[in-house]
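**Q**
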Amino acid sequence: MKYCPECRSELTRRVIDGKERLACVNCDFVVWGNPVPVAAAVVEYDGGIVLVRPRAKPAVWALPAGYVEDGENAEQAAVREVKEETNLDVRINRVIGTYPINRPNKALIYIALATETIGGELRAGDDALEASIFTVYQAIEKLRGTTSGKALESYLMADKLQMQKV
Ligand SMILES: [Zn+2]
1052 MKYCPECRSE LTRRVIDGKE RLACVNCDFV VWGNPVPVAA AVVEYDGGIV
1102 LVRPRAKPAV WALPAGYVED GENAEQAAVR EVKEETNLDV RINRVIGTYP
1152 INRPNKALIY IALATETIGG ELRAGDDALE ASIFTVYQAI EKLRGTTSGK
1202 ALESYLMADK LQMQKV
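Counting in the working numbering, the sequence shown runs from 1052 upward without gaps.
(1) Taking the alpha-carbon positions, what's the alanine 1190 to leucine 1102 distance?
(2) In chain order, what are the residues with a CB under 5 Å from some non-hydrogen atom of ligand 3?
(3) Starting from lysine 1193, trace the beta strand (DSSP E) in both directions and tell me its first and last residue.
(4) With distances taken between CB atoms, is the gap from threonine 1137 to proline 1115 smaller than 7 Å?
(5) Please return the same chain residues whose Cβ sits closer than 6 Å to the Cβ of glycine 1099, not counting the five positions on each side in sequence.
(6) Can you tell me whether glycine 1117 is buried or exposed, with buried defined as 16 or more other CB within 10 angstroms of its CB?
(7) Please determine if the stretch 1195 to 1205 and the stretch 1161 to 1177 are in contact, where contact requires at least 3 C-beta pairs separated by less than 8 Å.
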């Protein structure tokens, strides 16, 4: 963004509220860069953890996740995304944690939720190339170094694993 969308004047970098931000030289417009919420779900199924290869990022495995839509809360978004990507029906148990992700052109806030699977048969949906069940250790390995991975590790530590460790 180079020009103010309000008044078309130039945007310059300056410190506002303790942080350097792009702001209009003429009016009050500031590019705040507020994060966009993403809801993600840890889903246990058939003794393992469900991961997907999203169509948008086919090289990686991730927790089922997606943008929160207008009018939804994060829980509703997670339930919807799990259904779309894995065909499973879940309900939300609790918030695992929230994680800021700073990409060059977009800040995200990744909201990870613990779920309980209440129905459906696992199969990849429209938004996923693949949906599979992994053991806890495989899932940790697949997600290592990612925000999904951090969320999964917090989940496992907090729940002390009811499921069988294989
Ligand atoms: Zn302006």
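Even glycine gets a Cβ: it sits at the ideal position worked out from N, Cα and C.
**A** Per the coordinate set shown:
(1) For the purposes of this step, residue 1190 is identified with residue 139 of the sequence shown, where counting begins at 1. For the purposes of this step, residue 1102 is identified with residue 51 of the sequence shown, where counting begins at 1. Taking the straight line joining both Cα atoms gives about 7 Å.
(2) For ligand 3, the structure offers nothing, since it holds only ligand 1.
(3) Numbered from its first residue, the sequence shown carries residue 1193 at position 142. Taken as a continuous stretch (DSSP letters only), lysine 1193 belongs to no beta strand (DSSP E), being part of the alpha helix (DSSP H) at 1187 to 1194.
(4) Position 86 of the sequence shown, counted from the first residue, corresponds to residue 1137. Position 64 of the sequence shown, counted from the first residue, corresponds to residue 1115. Taking 7 Å as the Cβ cut-off, threonine 1137 and proline 1115 qualify as a contacting pair.
(5) Counting from 1 along the sequence shown, the entry for residue 1099 is found at position 48. Closer than 6 Å at the Cβ level, and outside the excluded window around glycine 1099, lie Ile1184, Phe1185, Thr1186.
(6) What you label residue 1117 is simply residue 66 of the sequence shown in a count that begins at 1. Buried, since its Cβ has 16 or more Cβ neighbours within 10 Å.
(7) yes
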